[in-house]
Amino acid sequence: MIQFEATVNGRPVRWDIPAGEFLTETLRSHGLIGTKRGCESGDCGACAVLLDGVEVNSCVLLAAQASGHDIVTIEGIGDARAPHPIQEAFVDAGAVQCGFCTPGMVVATHALLADNAAPTRDDARHALAGHLCRCTGYVKCLDAVELAAERTAAAKGGA
Amino acid sequence: MADETTANPWDTGDGSMPEYDRFNVVNKSPRRVDALKLALGKGTFTDDEVPAGMLHVKMLWSPHAHARIVSIDTSEAEKMPGVQCILHCNNVSRVPHTTAGQGFPEPSPWDALCFDDKVRFVGDRVCAVAAETEADALRAIATIKVEYEVLPAILTVEDAVAPGAVQIHEHPEPTGISKPEQNLACTLDASVGDVEAGFAASDLVIERTYRIGYAQQSPIEPHIAITWLDEDDRLTVRVATQVPFHSRRILAQVLEIPVARIRVIKPRIGGGFGVKQEVLVEDVPALVTLRTGRPARWCLTREEELVSARTRHPSKLTMKAGVMKDGTLQALSMEVLGNSGAYGAHALTVVSCTGGKALPLYKAPNYRFDARVAYTNLPVGGAFRGYGAPQGFYGVEILMDEIAHELGIDPIALREKNMIGSGDDNPLAVALGEGGEGFPQRIRSCGLPECITIGREAIGWERRGSFDKTGTKRRGIGMVALMQGSGIPGVDMASAFLKLNDDGSLNLLVGATDIGTGSDTILSQIAAEELGVQLEDIIIYSADTDLTPFDTGAYASSTTYISGQSVKKAAAGVKRQIIAAAAEIWKCEADELVAADKAVRHPDGRALSYGDICRSTLYHHNQHQIMDHASHMSYECPPPFAAHFCEVEVDVETGEIKVLDYVAAVDCGVAIHPTAAEGQTEGGVQMGLGYALTERYCFDEKGAMQNASFADYKIFSALDMPDMKAVLVPTYEPTGPFGAKSVSEIPINGPAPLLSNAIFDAIGVRFREAPITPEMIWRALRERG
Ligand code: FES
Ligand code: FES
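The listed protein sequences derive, respectively, from chains A and B.
If you're matching positions, the first sequence starts at 639 in the working numbering and goes up one per residue.
If you're matching positions, the second sequence starts at 463 in the working numbering and goes up one per residue.
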């Protein structure tokens, strides 16, 4: 066992975990089940989280490597009482079918919009490129990214 | 019980759309009932709740394509830390069954055992280990010694059916195999009229052979099952399945315990596309749980999913058509040689749809269909969205293009001349149903002509033939016409249960299985529309064999059409009871009353809310629970129709293919949830484009798959996906709930033949094999010089 210390969704945590464990497993075994496993080889993006604000596939990141960092999972982006506008946008655009890829896509969109408040459709394509979805054909996922950007801009403009 | 659905006030009688604004809840696109929790990461999939003390299962898979297991030595593994249970052919009883997950009795052969003393493909089961952790199980597996007697491997269908080929299923137990000694899982033929006479009377007879390969459903959530014994010692199975009731029945069979001792729970499912119809991962953890008393989990890795789960049956199609100079079809024949891989799951019914769904799109006085599906020592075919129809349309829709080219007729004109339409009888429906003879089918709604008109305009069909053919990038345009079915006629059955609550909300319990299709939303919309309540008033639960009524499951494009009708009937029954209760309270005649907007109204202006009525019946007046249930089965199977168009650009230097634009126009009757119907179409096109261009299985000379990862088995990403438009063409299907037909499977039939047609238009080279890779294009162009 090794000790894992990090900030997870804004909360400091100290967990004992098996050495060699990947971050997906660490998060999931601590109740953060929104991070999904689709391939465990870094190819599908279902397990994406933010590490110091940067999107990473947690299935290929040793938890030990994430120790000491700031981690945000889908649960840290929004919750039932206060869904994030990106989450609302995925719902409203009809981008959620089975929903297994959705948390990863929401994380990716979060990372994109933090850097680029007005992404083009092509920017959105690149942001979602590492996120395999077998249900949607991506059309409505790209719509969702655009909708989220518009709403965020409108909210900022109004503030 | 609710009686037959009352006449639809919306039915226009001719398949045309009634006025939209009569609908309050259906044909609108509210937020899906489950979308927000999924976007929050809260949807509980199978793996998201784990029982305490759970064991983890790992499998030792066959390294050989074909071998007999001489001995298995697990002595070392048994002593390894954490190991609790080891299963293999010497300690698990031999119960022949099929994993196909179909109704009973299954049309697929019972050719599978949990563990056999023979392996039939690289990736077949050899030995399972359950241990405290996956790592423990894997370490134990590494110590297991298996002695194999390696047999010759059959890696092509041609070799499988060649005289003298080694027999893949030679054990005495299996039943339902057509010709085991010839390695034929099934054979099927059907004919109408006399094709030979039709060919003889034709101006042009054209014969072509087409081949289309393996593909995998690849839901992003892999197969997973978690099992445990509940406090009554009953086996509980939470599993990513499309067929909870079939899963329960098949588990009872292979575990040799009564159905009553098993509860199957379907939680959220991360996509299925047919592969989760297969009852593939339930038996092993169930055996572990029964033997150890402990919960057990088995989740396939992506590699295992690609190699050892199920795939699309590769098929070789020999198509032959006889036509007159003006394009009139005289005879159409299709010969299929399918590859079922090591086991025969779905072989018969898939191949029957290859002919049965694709051939009748074009009317001919004479048809012949001849199919054989062979066993090989390769991955196993199964149910995959489209269910044989993609292979069939691959043959039919390229052939139509080839005929048009030979005759110098516009491909659209040729199709319009021959295609089936409203009022026509499906010419093959009786001769070729699903797996054998079928029921007569009359087309009552058909929006195909409008689909073609819309598609041709959106793509700019008139530009076809006017592209510059000199540069390195050559453009071309193609089209295909398509149909599918809505459920399996005379087979699929669904049921629903509804009860009214104190506040006028209703619990809707269905056996129908939402696997990401949106059926929980759609069925709730249907209930809400029929009852005159809002979508938010319906609390849906699906599916749990202890709690919900039976449904054959999410397959064959049946959920909206079949399950939807059961919900509509049950809702109509509840509504009648609500009105009757109000009539009793007011001591008036029920037929004076109107129920709408969650209240019953008297002509004199009085009103009682559904909540008032429910509270009255629960606590005061003629006390009873207002509730109803209904079942639905249909002998009709109305096809949705579609026309797909695309524009491609082919780089003649590199062979690179770019899809520049894609239009999919679909007639799915009244779309219950138009956004969901578009989403099904977009997702189906994406999947079809992978099938057309990038998804393939590469085997080494020993039959081992070489590209079993998402890095190497290439499904379309957001970057690969072209701009596309999904257009819904409304018709009204009088036999469907609120005029609806199916929508989920039809789109995948389009891309593979369409890309062949569009690429031909671009570079004048005809590809009769899919997927079409840049290398194939490059080589073909070099060969042509
Ligand atoms: S599960 Fe991590 S990338 Fe697929
Ligand atoms: S919604 Fe199912 S994988 Fe994306």
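Don't be surprised by glycine CBs; every beta carbon is placed ideally from N, CA and C.
For Y676 of chain B, the three-state secondary structure derived from DSSP is coil. Below the 9 Å Cβ cutoff, chain B contributes A1180, L1181 as neighbours of H764 of chain A, in chain order.
The region 793–820 of chain B is shown to contain no whole beta strand (DSSP E) run of 3 or more residues. With a cutoff of 8 Å, G683 of chain A counts as near ligand 1, since its C-beta is closer than that to a heavy atom of the ligand. Unbroken alpha helix (DSSP H) stretches of 4 residues or longer found wholly inside the region 645–669 of chain A: 661–667, given in chain order.
Ranked by how close their Cα comes to the Cα of R936 of chain B, the residues B:A574, B:V1112, B:C547, B:A875 have B:V1112 in first place. For Q1148 of chain B, the CB contacts under 7 Å within the same chain, skipping 5 residues up- and downstream, are F1178, M1183 in chain order. The beta carbons of V737 of chain B and H685 of chain B sit closer together than 9 Å.
Between G683 of chain A and G775 of chain A the beta-carbon gap is near 16 Å, outside 8 Å, which marks them as no contact. Distances from the CB of T740 of chain A to the heavy atoms of ligand 2 include at least one below 8 Å. Taking each of B:P558, B:E632, B:H633, B:E540 in turn and checking the Cα distance to T605 of chain B, the smallest one comes out for B:E540. For the C-beta of A684 of chain A, the chain B residues within less than 7 Å are, from N- to C-terminus, I682. The beta-carbon of E713 of chain A is placed less than 9 Å from the nearest beta-carbon of chain B. Taken through DSSP and simplified to helix, strand or coil, R1063 of chain B comes out as strand. Take the alpha-carbon of D753 of chain A and the one of V646 of chain A: they are about 21 Å apart. Residue contact with chain A for V769 of chain B: absent (no Cβ-Cβ distance below 9 Å to any residue of chain A). At least one heavy atom of ligand 1 lies closer than 8 Å to the C-beta of S679 of chain A.
Linking I719 of chain B to V554 of chain B through their CA atoms gives a straight-line distance of about 14 Å. Neighbours of E678 of chain A across chain B, judged by C-beta separation under 8 Å: T763, R764. With a 10 Å radius around the Cβ and a threshold of 16 neighbouring Cβ atoms, A720 of chain A comes out exposed. The three-state secondary structure of R587 of chain B, taken from DSSP, is strand. Setting aside the 5 residues that flank it on each side, T1021 of chain B is surrounded in the same chain by A974, S981, each with a C-beta closer than 6 Å to its C-beta; the list follows chain order. Approximately 18 Å separates the beta-carbon atoms of Q704 of chain B and H559 of chain B; this is outside 8 Å, ruling out the contact. Judged by their CB atoms, E1207 of chain B and G848 of chain B are nearer to each other than the 9 Å cut-off. P525 of chain B has its alpha-carbon roughly 12 Å from the corresponding atom of A615 of chain B. Counting along the chain, the unbroken beta strand (DSSP E) around F959 of chain B starts and ends at 955–962.
In chain order, I655, A657, A702 place their CB closer than 7 Å to the CB of I640 of chain A, counting only its own chain and leaving out the 5 sequence neighbours on each side. When only Cα atoms are considered, I724 of chain B and L910 of chain B end up about 46 Å apart. For I1119 of chain B, the uninterrupted beta strand (DSSP E) segment begins and ends at 1119–1129.
Proximity of E1157 of chain B to chain A, defined by a Cβ-Cβ separation below 9 Å, is not satisfied. Not one heavy atom of ligand 2 lies closer than 8 Å to the C-beta of I1210 of chain B.
Between the C-alpha atoms of G675 of chain B and K607 of chain B there is a straight-line separation of about 35 Å. Counting only Cβ-Cβ distances below 8 Å, I731 of chain B has contacts in chain A at C736, in chain order. A distance below 9 Å separates the beta carbons of G843 of chain B and P776 of chain B. A:V734 is the residue among A:G648, A:F642, A:E788, A:V734 whose C-alpha sits nearest the C-alpha of A1138 of chain B.
Counting of Cβ neighbours within 10 angstroms places N1084 of chain B among the exposed residues, the total staying below 16.
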